Amino acid sequence: MPLERRQVILGVAAVIVLGLAVWTFRPASTPVTAAPQTPARARTAKAAAPAPGSGPVAPVKLGSLTASRNEPGNAQRNPFRFQPRIVAPPPRPIERPVTEAPVRPPPPMPTGPPPPPPIPLKFVGIVERASGVKWAVLTDGKSAPMHGKDGDIIDGKYLIVKIGTESIEMTYTDGRGRQVIRLTGQ
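Residue numbers (the working numbering): 1 to 186.
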């Protein structure tokens, strides 16, 4: 019994939804017209509507509707004939007297030799000996890890300047290209 009641309720709801959809999306084929008013309704509508002017209403001149009008004469304007558009001449350029010589940018200065390439080593970690000397462990990713302390030369090209807690400071053996390498890599 409850299943049949549920089906009936769902069927009625579906019909209502379908009816609302049809009513909402139906085309407006017939214009909506106002219902004819009864004299009592007309009086209340006139009393409620504000007057468009504050003075008396002017009488309608019915004679002017039947009066003859002047026919259009030969006018020089023809809307169906195209004529070239009149374009104003371009404005003349304003000539300004030259008071100063034009400013030229200075020639580029020589920048010197290019900087050395960055050091391709990665700082892997620190090993502290029992004597308190810190050794840095470095790798280039291709060969076995390298290690050294302050002042040591690594791989024959790089000099360890200072070993910190989270970074290492290195230069090329000739002293140029000072670089700080962090513990996480370059």
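Glycine residues also receive a C-beta, built at the ideal position from the N, C-alpha and C atoms. Quick caveat: nothing in here was measured; it's all calculated off a predicted structure.
Hey, could you find the ends of the alpha helix (DSSP H) residue i is sitting in?
| i | result |
| --- | --- |
| LEU65 | 63-66 |
Check for me: the beta strand (DSSP E) holding residue i runs from which residue to which?
| i | result |
| --- | --- |
| GLY177 | Run containing GLY177: none; DSSP gives neither H nor E here. |
| GLY125 | 122-128 |
| ILE168 | 167-172 |
Decide if residue i is buried, meaning its Cβ has at least 16 other Cβ atoms within 10 Å, or exposed.
| i | result |
| --- | --- |
| ILE153 | exposed |
| GLY148 | buried |
| LEU121 | buried |
| GLY112 | exposed |
| ILE168 | buried |
| ALA13 | exposed |
| ALA101 | exposed |
| LEU62 | exposed |
| ILE119 | buried |
| ILE86 | exposed |
| MET109 | exposed |
| LEU189 | As shown, the chain starts at 1 and ends at 186. That puts residue 189 outside it, with no answer to give. |
| GLN186 | At GLN186 the pLDDT is 47, less than 50, meaning the model places this residue with poor confidence; the figure from the coordinates comes in the next sentence. By the neighbour-count rule (16 or more Cβ atoms within 10 Å), GLN186 is not buried but exposed. |
| ILE16 | exposed |
Pull the bridge partners of residue i from the DSSP assignment, please.
| i | result |
| --- | --- |
| GLY148 | ALA136 |
| ILE154 | TYR158 |
Any idea what DSSP makes of residue i, helix, strand or coil?
| i | result |
| --- | --- |
| ARG182 | strand |
| VAL161 | strand |
| SER131 | coil |
| ILE12 | Before going on, a small fix: residue 12 reads as Val here, not Ile. If DSSP states are grouped into helix, strand and coil, VAL12 belongs with the helices. |
| THR111 | coil |
| GLU4 | helix |
| GLY19 | helix |
| PHE80 | coil |
My understanding is that residue i touches residue j, with C-beta atoms under 8 Å, so please give their C-beta distance in whole angstroms.
| i | j | result |
| --- | --- | --- |
| TRP135 | VAL127 | 5 Å |
| ARG176 | PRO116 | 6 Å |
| THR173 | TYR158 | 7 Å |
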